[in-house]
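Novice: Per this note's numbering, the sequence shown starts with residue -12, numbered consecutively.
Structure in C-alpha cells, see below.
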Amino acid sequence: MQPREDFLLKAYELGIIKFGNFTLKSGIESPFYVDLRPLASSPQLLKTLANNLLDLVEDINYDLICGVPYAALPMATTMSLTSNIPLIIKRKENKGYGTKRMVEGVFSEGQSCLLVEDVITSGQSLLETIDQVEREGLKVKDLVVVLDREQGGSDKLKEQGYNVKTLFTINEVIDILHRYHRLNDSEAKKIKDFLALPPEAAPAKQRIALENKKIVHPVGKRLVELALKKQSNLIASADLITSAEITAFAEKVGDHIVALKLHSDIIQDFSDNLITDLRKIAREKEFLLFEDRKFGDIGNTQELQFKKSIYKISDWADLVTVHPIGGLESLKVFDNTGVITIVEMSSKGTLTDDYYFTKAINVSEQSGNVLGAVAQRQIPDNLLLFTPGVSISSTGDSKGQQYNTPELVFKNYHTDFMIVGRGIYKAADVKTAAKEYQTLGWVSYLQSLND
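Here it is, written out as C-alpha cells:
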C-alpha cells in the first residue's frame, strides 16, 4: 500500500467523506460530501497531510502561508510549523472590533503567499480569498489543495493564471476506496456517473439590466432613462480648477455622458454664472450635474453645507456624494437631490473595510433618498452601483489611486455607471476620448448581461 493510500484510508475512518444527497455551497447537488475538518482532531494525520502538501510545493518559492477559512486553517498552521514559513490568518468575516482587518499576521506589501484549501469545487471561495489577500498588497500565484472535486474549479483558476497543486482528485479517492472495499460497486458507479456529468455549479449571480432595476428615487430613474437613451453609462469627472476649463470640457463631452461630476470647492473662480452656463449645457446635451462633495458630518452641519455654503449646492446639483458615517438620520437633509453614498473607495490602503462596507450598505438601503453607492464590488440590486477609478489603462498613479478597466468593472462588479476622470480630461482630444469610453463602457455593460 502506498503512503498516500494509507493516509487516505486512515482519514476516511475519521469520516471525512459522507455519502447521500448534499447541496454544496456552490449550489451543486452531490451524492457525496467531503469534510476534512475531522483531521484537526488527529495530530498525526494532520502532520502527515502537512508534509504531503509541502512536498507538492517544494519547487515553489513563497514568503507566507494562508489557509482558506475554516477547514484549511489547521492544515496551513501545521505546514507553517513544519516549514518555518510564517502564517497569516484570513478571517471569514470582519468582527467589527479590534483591528477589523480581514488578514491578520505580520507581513509586508509585495510578499508572495501560498494559499491552502481543503476542497475545491467551483473555485469561488478561493477567488474570494485571493481578492481579499491581494487587497492587503500581497501576491497570490500558487495554491495547494487537498482534494479536487473535479467540478471545474481548478480549471477556472488555472485559466486565470494561478498554479494549482492537488493532493487527490475525487476520482482517485473513489478508486482507492473501491479498491480497498470501502465502497461497493454500485456506490462507486453512482459517484463515477455523477462525476462524468458536466459541472453544474449554481448559476452565478446574473446582473440586472438597467431597465429592470427597481429604482424608486426620481433622480435615479432619470439617470437610467438617460443611460438607455444615450447608450452611455459614462460619468465624466471634471477635476478642473477654472470655470473656462469646465464649461469647455462640458461642451466637448456632453453628448457622450449621463452626468458631469464636479468638485465645486476646487474651482478657483466659482460663481453663479458658471452654474448657469453648466445647467444650460446640461439641458441641451442631456446630462445631470453631479457634485462630488463627499459630505461626512452630522446632519445639521451637512444641511448647512448643502444649502447655505457659498456654493449653494442644493440649488443646482442633481446628485451628491455622501459618506454614510453619520448614520441614517444624517442622510435625510438632502431633500429631493439624489444621494450616492461612498461605501468603498478605490485608493490604495483605504480604510473602508468589509465591516464598514456592510454597515454602509445597510444604511443606504434604509434611506429613502439614496439611489446608489460608490463601491469596488457588487452591491444589492435595489441600488445603482457607481465605480470610480476606471481607465482603459489599468495602471495607477503615485498618490495611491488604483484603476480598473471598463470590462472588469461591468463583468465582475456589475457596475451600472463608471466614473472616468484623467482618462478623459487629460486626453489630447477630450471629445474623442469621451466617445471611446462611452462606446467601450456600453459594450462592456451589454456583454456583462450575457455572462
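Think of the CB as a built atom: it goes at the ideal place given N, C-alpha and C, for glycine as much as any other residue.
Measuring alpha carbon to alpha carbon, tell me which residue in V396, G2, Q363 is nearest I379.
Specialist: Translated into positions along the sequence shown, residue 379 becomes position 392. If we check each option's Cα against that of I379, V396 comes out closest.
Novice: Once you ignore the five residues that flank E137 on each side, which residues in its own chain have a CB closer than 7 angstroms to its CB?
Specialist: Mapped onto the sequence shown, residue 137 falls at position 150. Counting only Cβ-Cβ distances below 7 angstroms, and skipping sequence neighbours, we find T156, I157, N158, L182.
Novice: Just the C-alpha distance for T426 and G148, rounded to the nearest angstrom, thanks.
Specialist: Sequence index remark: in the sequence shown, residue 426 carries index 439 (1-based). Sequence index remark: in the sequence shown, residue 148 carries index 161 (1-based). Rounded to the nearest angstrom, the two C-alpha atoms are 29 angstroms apart.
Novice: Can you tell me which of the three DSSP states L51 falls into?
Specialist: Position 64 of the sequence shown, counted from the start, is the residue given in the question as residue 51. Strand at L51.
Novice: Thinking C-alpha only, which one of S173, L51, L130, F(-6) is nearest G124?
Specialist: As a position in the sequence shown, residue 124 is number 137, starting the count at 1. Nearest of S173, L51, L130, F(-6) to G124, Cα basis: L51.
Novice: The beta strand (DSSP E) that contains V103, what's its start and end?
Specialist: Here the question's residue 103 lines up with position 116 in the sequence shown. Element bounds for V103: 99 to 107.
Novice: When the Cα atoms are used, what is the spatial distance from L164 to L170?
Specialist: Stepping through the sequence shown from its first residue, residue 164 is reached at position 177. Stepping through the sequence shown from its first residue, residue 170 is reached at position 183. The straight-line gap from Cα to Cα measures roughly 6 angstroms.
Novice: Determine the direct distance from the alpha carbon of D416 to that of Y84, and round the result to whole angstroms.
Specialist: Counted from its first residue, the sequence shown places residue 84 at position 97. Counted from its first residue, the sequence shown places residue 416 at position 429. Its pLDDT being 44, under 50, Y84 is placed unreliably by the model, and nothing is read from it.
Novice: What do you reckon, are the CB atoms on I107 and S141 nearer than 8 angstroms?
Specialist: Looking up residue 107 in the sequence shown gives position 120. Looking up residue 141 in the sequence shown gives position 154. Yes.
Novice: Which partner residues of M405 appear in the DSSP bridge assignment?
Specialist: Working through the sequence shown from its first residue, we reach residue 405 at position 418. Note: M405 sits in a beta bridge opposite L221, T374.
Novice: My output table needs one value for P205: the three-state DSSP class, helix, strand or coil.
Specialist: Within the sequence shown, numbered from 1, the residue matching residue 205 stands at position 218. Helix.
Novice: Determine the burial state of E316: buried for a count of at least 16 other Cβ atoms within 10 Å of its Cβ, exposed for fewer.
Specialist: Counted from its first residue, the sequence shown places residue 316 at position 329. It is exposed - the Cβ of E316 has fewer than 16 other Cβ atoms within 10 Å.
Novice: Considering only residues of the same chain and omitting the five flanking positions on each side of N369, which have a CB-CB separation below 7 angstroms?
Specialist: In the sequence shown, counting from the first residue as 1, residue 369 sits at position 382. So the qualifying residues of the chain are K201, E352.
Novice: Which word fits T65, buried or exposed, when buried means at least 16 other C-beta atoms lie within 10 angstroms of its C-beta?
Specialist: Sequence index remark: in the sequence shown, residue 65 carries index 78 (1-based). Counting Cβ neighbours within 10 Å, T65 comes out buried, since at least 16 surround it.
Novice: V361 and L318 look like a contact to me (Cβ under 8 angstroms); what is the Cβ gap, rounded to whole Å?
Specialist: Working through the sequence shown from its first residue, we reach residue 361 at position 374. Working through the sequence shown from its first residue, we reach residue 318 at position 331. Actually they do not touch by this definition, with Cβ atoms about 14 angstroms apart.
Novice: Have a look at D284 and L291 and give me their C-alpha separation to the nearest angstrom.
Specialist: Taking the first residue of the sequence shown as 1, we reach residue 284 at position 297. Taking the first residue of the sequence shown as 1, we reach residue 291 at position 304. Each residue's Cα considered, the two are about 11 angstroms apart.
Novice: Relative to the ligand ATP, is the shortest distance from any of its heavy atoms to the C-beta of Y298 smaller than 7 angstroms?
Specialist: Inclusion of the ligand ATP in the displayed structure is not the case, the ligand content being empty and no account of it being possible.
Novice: Which residue wins for smallest C-alpha separation from M89, given the options G97, Q98, K77, E96?
Specialist: In the sequence shown, residue 89 corresponds to position 102, counting from 1. Taking only the C-alpha atoms, the option nearest M89 is K77.
Novice: So if DSSP puts K77 in a beta bridge, which residue, or which two residues, is it bridged to?
Specialist: The residue you call residue 77 lines up with position 90 of the sequence shown. V90, per the DSSP bridge assignment.
Novice: Could you spell out where the beta strand (DSSP E) holding L247 opens and where it closes?
Specialist: Counting from one through the sequence shown, the residue named residue 247 turns up at place 260. Unbroken beta strand (DSSP E) run through L247: 246 to 249.
Novice: Quick check on the DSSP output: what are the complete beta strand (DSSP E) runs of length 3 or more inside the region 227 to 266, in order along the chain?
Specialist: With a minimum length of 3 residues, the continuous beta strand (DSSP E) runs that stay inside the region 227 to 266 are 246 to 249.
Novice: Pop quiz: A59 and D129 are said to be a contact at Cβ under 8 angstroms. What is the actual Cβ separation, rounded to whole angstroms?
Specialist: The residue labelled residue 59 in the question sits at position 72 within the sequence shown. The residue labelled residue 129 in the question sits at position 142 within the sequence shown. Not quite, the Cβ-Cβ distance comes to about 14 angstroms (not below 8 angstroms), so this is no contact.
Novice: Is the Cβ-Cβ distance between I253 and I228 less than 8 angstroms?
Specialist: The residue given as residue 253 occupies position 266 in the sequence shown. The residue given as residue 228 occupies position 241 in the sequence shown. A contact, by the Cβ cut-off of 8 angstroms.
Novice: In the DSSP assignment, find the beta strand (DSSP E) that holds L318 and state where it starts and stops.
Specialist: As a position in the sequence shown, residue 318 is number 331, starting the count at 1. Where L318 is concerned, there is no enclosing beta strand (DSSP E), given that its DSSP letter is neither H nor E.
Novice: Taking only three categories from DSSP, how would you classify N150?
Specialist: Numbered from its first residue, the sequence shown carries residue 150 at position 163. Of the three classes helix, strand and coil, the one that applies to N150 here is strand, per DSSP.
Novice: Output the distance between the C-alpha atoms of K126 and Q98, rounded to the nearest integer angstrom.
Specialist: As a first step, residue 126 must be located in the sequence shown, where it is residue number 139. As a first step, residue 98 must be located in the sequence shown, where it is residue number 111. Cα to Cα, the separation comes out at about 6 angstroms.
Novice: Opposite N110 in the DSSP bridges: which residues?
Specialist: Counting from one through the sequence shown, the residue named residue 110 turns up at place 123. Per the sequence shown, residue 110 should be read as Gly rather than Asn. Bridge partners of G110: none, in fact.
Novice: Where does E0 land, buried or exposed, given buried means 16+ other C-beta within 10 angstroms?
Specialist: Taking the first residue of the sequence shown as position 1, residue 0 is located at position 13. By the 10 Å Cβ count, E0 comes out exposed.
Novice: Where do the ends of the alpha helix (DSSP H) carrying A63 lie?
Specialist: Stepping through the sequence shown from its first residue, residue 63 is reached at position 76. Note, A63: alpha helix (DSSP H), 59 to 70.
Novice: With a Cβ-Cβ cutoff of 8 angstroms, do L247 and D403 count as a contact?
Specialist: As a working mapping, residue 247 is identified with position 260 in the sequence shown. As a working mapping, residue 403 is identified with position 416 in the sequence shown. No, these two residues do not count as a Cβ contact at 8 angstroms.
Novice: Where does Y412 fall in DSSP's three states?
Specialist: By one-based count along the sequence shown, residue 412 stands at place 425. Y412: helix per DSSP, three-state reduction.
Novice: The alpha helix (DSSP H) with G428 in it runs from where to where?
Specialist: Here residue 428 refers to the residue found at position 441 when the sequence shown is read from its first residue. Where G428 is concerned, the enclosing alpha helix (DSSP H) stretches over 417 to 437.
Novice: Comparing alpha-carbon positions, which option in P311, F277, I312 lies nearest S301?
Specialist: Taking the sequence shown and counting its residues from 1, one reaches residue 301 at position 314. If we check each option's Cα against that of S301, F277 comes out closest.
Novice: To which residues of the same chain is P73 closer than 8 angstroms at the C-beta, ignoring the five residues directly before and after it?
Specialist: Translated into positions along the sequence shown, residue 73 becomes position 86. Result list for P73: D50, L51, I52, S67, G92, V93, F94, in chain order.
Novice: Rounded to a whole number of angstroms, what is the C-alpha to C-alpha distance between Q434 and L215?
Specialist: Translated into the one-based positions of the sequence shown, residue 434 becomes position 447. Translated into the one-based positions of the sequence shown, residue 215 becomes position 228. Roughly 15 angstroms separates the two Cα atoms.
Novice: Measure the C-alpha to C-alpha separation of E423 and G410 and round it to an integer number of angstroms.
Specialist: By 1-based counting over the sequence shown, the position of residue 423 is 436. By 1-based counting over the sequence shown, the position of residue 410 is 423. Rounded to the nearest angstrom, the two C-alpha atoms are 10 angstroms apart.
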